[in-house]
Each structure stands twice: as C-alpha cells, then as structure tokens.
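First residue of the sequence shown: 1, per UniProt numbering; consecutive thereafter.
Some notes on the structure that comes next.
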Amino acid sequence: MSNANLKLSGNRCQCPTCGQFFNSVSVFDRHRVGSFDDPANPRRCLTIRQMLAKGFAQNGKGYWVRHRRKAGTIRRQRATEGHPGTTVVPLAA
C-alpha cells in the first residue's frame, strides 16, 4: 500500500526514522524499542516483520494499529458513545 495519500491529523503520526505511519502515538511508541541508556541495546524501530509478529496490523487506510478490530466493533463503540446515526448491534453468540 502506498503511503503517498496518508494524512497526519489528530494523534496520527509518521516515524521520522523508518517512515511508517501510525494511527496513534501509543502505537508509534510501541514500535520503538531498546534502551536510552544502554549502548549495547540502542533505540530502534521494529521491522515490519517484527511488528506483524507482535500483532500490529495496518488498518484499511494504511496506518499501523496495535491490532485489528473485529467487524462491528467500531460501530458498537460509537453507538455506546452516543454518536448520531449509529445503533448498538448485539454480538452473535
């Protein structure tokens, strides 16, 4: 997926080191590993393979997220938060 159309707004961010786009600051922070104080384990970005192994995923727009949501989760969350035009959909057993 091309990153050419991704826009930064809200909490979305782009890593200046690896160039990947993240849906939130917390996901960006999780992709940075290593120690600030230990030269034997310097700070670095996780590779794409490492992010996938840790359960990260790219959402439909191409931003990295901590994990994919199941279908219907966003609609239910918005409905419970009172967003207009949404209704709570019960989960199937």
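Idealized CB from N, CA, C, for every residue including glycine.
Computed from a predicted model, the values in this text were never measured in an experiment.
Whether residue i touches residue j by CB criterion (8 angstroms)
{"i": "C45", "j": "R32", "result": "yes"}
{"i": "F22", "j": "F28", "result": "yes"}
{"i": "A57", "j": "H67", "result": "yes"}
{"i": "R43", "j": "G34", "result": "yes"}
From the options, residue whose alpha carbon lies closest to that of residue i
{"i": "Y63", "options": "A40, Q20 and S35", "result": "Q20"}
{"i": "G10", "options": "R43, F56, S26 and P42", "result": "S26"}
DSSP bridge partner residues for residue i (one or two, in chain order)
{"i": "V27", "result": "Answer by DSSP bridge pairing: none, since V27 is not bridged."}
{"i": "C45", "result": "R32"}
{"i": "F22", "result": "C13 and W64"}
{"i": "A57", "result": "V65"}
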